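Here is the structure we will look at.
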Amino acid sequence: MSQAVNTAPPGGLGRDGPIAPLTGPMLLVAALMLAAANFIAVLNMTIANVAVPNIAGALGAAASQGTWVITSYAVGEAITVPLTGWFAARFGAVRVFVASMILFGVFSILCGLSNSIGMLVVMRVFQGLSGGPLMPLSQTLMLRIFPKDKAGAAIGIWSMTTLVAPVVGPILGGWLVDDYSWNWVFLINAPIAIGFGLGAWKLLKHLRDEPVRNPFDRVGLILLIVWVAALQLVLDEGKNLDWFASSQIIGLSIVAVVGFAAFLIWELHEKHPVVDLRVFRHRGFNASVITVSVAYAAFFGVSVLTPLWLQSFMGYTATDAGLATAWTGVTALFVAPIVANSKRDPRALVCFGLVWMGLVTLWRSIANSDMAFWDIAIPLAVMGFALPFFFIPTSGIALGSVEEREMDSAAGLMNFLRTLSGAFATSVVTTVWSNQTTRNHAELVGLTDRDGSVRDLLTQSGTPPEVATQVLDYLLTSQSGMLSTNQVMTGVAVMFFIAAAIIWMAPKPTRTIEPGAGGH
55 MSQAVNTAPP GGLGRDGPIA PLTGPMLLVA ALMLAAANFI AVLNMTIANV
105 AVPNIAGALG AAASQGTWVI TSYAVGEAIT VPLTGWFAAR FGAVRVFVAS
155 MILFGVFSIL CGLSNSIGML VVMRVFQGLS GGPLMPLSQT LMLRIFPKDK
205 AGAAIGIWSM TTLVAPVVGP ILGGWLVDDY SWNWVFLINA PIAIGFGLGA
255 WKLLKHLRDE PVRNPFDRVG LILLIVWVAA LQLVLDEGKN LDWFASSQII
305 GLSIVAVVGF AAFLIWELHE KHPVVDLRVF RHRGFNASVI TVSVAYAAFF
355 GVSVLTPLWL QSFMGYTATD AGLATAWTGV TALFVAPIVA NSKRDPRALV
405 CFGLVWMGLV TLWRSIANSD MAFWDIAIPL AVMGFALPFF FIPTSGIALG
455 SVEEREMDSA AGLMNFLRTL SGAFATSVVT TVWSNQTTRN HAELVGLTDR
505 DGSVRDLLTQ SGTPPEVATQ VLDYLLTSQS GMLSTNQVMT GVAVMFFIAA
555 AIIWMAPKPT RTIEPGAGGH
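Anchor point for the sequence shown: position 189 equals 243 in my numbering, and the numbering is continuous, going up by one each time.
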């Protein structure tokens, strides 16, 4: 078994002692339910993106109001992900997981039945609040139900749903909007969430823990909601409001910074914190989380930029752009079982995967506007082979570096920072890409038509002057977009290389951590 995943505790640990993991068909069914929970939670970060124009039009809202459908879910999810550890300790991991699944399904139905943009935004907040705990709890419960020697398979299955879901989201969302209606973008979650939630209770109720009745940290919760909501609004709305040229963004940024500082001070001195920040005392956890945050930001930035470029400058529909990017997830699935069973140093696996992803991104930085579908899809498929090398071992190192009782908190914080890094990358990449496109366009105009000779050449060939101007502007816009895409790809490649170096800050896992034992 891989050292990358050997460090995770085997089976589960109840308040009265170890709990036997599942076996046979029951293990496969439970694994499917847990993987599906993580899949739909991550899927809903991107599935609604392509439906925003349709939603805004159907509900009589402006396009700017439609983007709140995305922002509201992100805010709700970002609040509850770091609270997962407290919820699990107070009510039991299985109870919280099942309740979150069922509520996620209920609020998905209410989203699909919304008849106004206001109702939809409120329901999306509650959908995000319900979906937040699904990511970390599906991960830790997966480790509890799998036998010790199959921990690698558990982390591999969970990791693949995390990486594939953002790729599938735009494809599925585009298909549902084009062939059916925007309502199905949300309604499709309901049978999976409610059905699998009830099934998970039947299969996993023997894993129930006795609740820990610690005092409720109200101040910590309020501070968390304030700074996370403010930061998420800055990241989601910054580009639309021209960032710090907007007094609203400046105000929200101040609230986020002050709120975060107050939250940090309070939680580190609170005896029963709502978010257990003490897990950061483990060096292996710190190095893994930083690596995941930097690398996932780079990966998510590329995942957002590629379909945006294809639809804006290459004439692709949302579905076609999704099909091109889907190859990343397809190839990743083939490599995941190999990585999960590797016996090599997990840090070396992570470094190899990230260097590979950086090199492929550099390869993509020399793209041109004449590329066909497979010219775009093949580099993405090649990158997919590296994803499991990066994601599976880092999850193993992170969760294997903390004590068993801290796993829910650690998983919650790791998923929170990963989600936050994805939101940050989306804002930065789209802003830089847009600004670079404008800057490149201005420079190309100066280089190609300084004296009007190109326009004169077009008009001499019989093209009307106004058409010649439009043709020239179209060509320059297309090339400026291509140049800015390549420039951003170069920057993203550097991020992958930096993340590859950071993982070596983690100590080499040398032993399997038994339930209740601490990591290094």
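C-beta atoms are modelled at their ideal positions from N, C-alpha and C, and glycine is treated no differently.
Here the structure is a predicted model, which means the values were calculated and not measured.
Whole angstroms are fine: how far does the CA of G186 sit from the CA of L453? 18 Å
Exercise. Are the region 121–129 and the region 290–306 touching, with three or more C-beta to C-beta distances below 8 Å?
Worked result: yes
Nearest by alpha-carbon distance to W281: which of L408, T134, S449 is it? T134
Report the three-state DSSP secondary structure of I420 (helix, strand or coil).
coil
Whole-number beta carbon distance between N103 and S192, since they are thought to touch under 8 Å: The pair is not a contact, with the Cβ atoms about 23 Å apart (cut-off 8 Å).
Backbone CA spacing between N243 and G376 [nearest angstrom]: 20 Å
**Message:** Among the candidates S538, I430, V83, whose CA atom is the shortest distance from the CA of Y370?
**Reply:** I430
Using a threshold of 8 Å, state whether the C-beta atoms of L318 and L287 are closer than that.
no
- Message: Quick check on this structure: which residue in W212, P107, L331 has the alpha carbon closest to the alpha carbon of L467?
- Response: L331
Cβ contact check for the region 214–226 and the region 82–99: 3 or more pairs under 8 Å:
yes
key: Close beta carbons around A435, own chain, < 6 Å, minus the five adjacent residues each side   = W381, T385
- [ ] Go through its chain and collect everything with a Cβ distance to V329's Cβ below 6 Å, but skip five positions before and after it.
- [x] P136, E321
If you check the beta carbons only, do V348 and A553 fall under 8 Å apart?
yes
Sorted by chain position, which residues of the same chain lie with C-beta nearer than 7 Å to S532's C-beta, five sequence neighbours on each side aside? F367, S423
inquiry  = So, at 7 Å on beta carbons, what are the nonlocal neighbours of V456 in its own chain, with the 5 sequence-adjacent residues on each side left out?
reply    = V333, H336, F339, A464, G573
- Task: Grab me the residues of F439's own chain with a C-beta within less than 6 Å of its C-beta, minus the 5 sequence neighbours each way, in chain order.
- Result: T385, V389
### Query
First and last residue of the alpha helix (DSSP H) that includes T345?
337–367
Closest to V409 by CA distance: which of F151, F141, F551 is it? F551
Q) Any idea what DSSP makes of L257, helix, strand or coil? A) helix
C-alpha gap between S419 and I344, whole angstroms:
25 Å
(message) Here's the rule I'm using: 16 or more other beta-carbon atoms within 10 Å means buried, otherwise exposed. How should E458 be labelled?
(response) buried
By a C-beta neighbour count over all protein chains shown, 10 Å radius and 16 as the cutoff for buried, is M80 buried or exposed? exposed
- State the Cα-Cα distance for the pair M87 and G355, rounded to the nearest angstrom. 29 Å
Review point. Quick one, are the C-beta atoms of V108 and V222 less than 8 Å apart?
Key: A quick correction: the sequence has Asn, not Val, at residue 108. Not a contact, by the Cβ cut-off of 8 Å.
Query raised in the report: To the nearest angstrom, how far is it from the Cα of F161 to the Cα of W140?
Result: 23 Å
Burial state of E497, where buried means 16 or more other Cβ atoms lie within 10 Å
exposed
query: Between V542 and N237, what straight-line distance do the alpha-carbon atoms span, to the nearest angstrom?
result: 34 Å
- Query: Got a sec? Which residues, its chain only, sit under 7 Å from S534 by beta carbon, not counting five neighbours each side?
  - Reply: T491, N494, H495, L498
Proximity winner among L530, G545, R401, M549, relative to P561 (alpha-carbon distances): R401
Review point. Can you round the beta-carbon distance between P220 and S357 to whole angstroms, since I take them to be within the 8 Å contact cut?
Key: 6 Å
Classify G111: buried if its beta carbon has 16 or more other beta carbons within 10 angstroms, exposed otherwise. exposed
Margin query: Can you give me the C-alpha to C-alpha distance between E131 and A147, rounded to a whole angstrom?
Written below: 17 Å
Closest to L183 by C-alpha separation, out of A208, F151, L197, would be which residue? F151
Suppose the cutoff is 7 Å on Cβ atoms and the five residues either side in sequence are ignored; what does the same chain contact list for G251 look like?
V152, M155, I156, G159
Using beta-carbon positions only, say whether P361 and P224 come within less than 8 Å of one another.
yes
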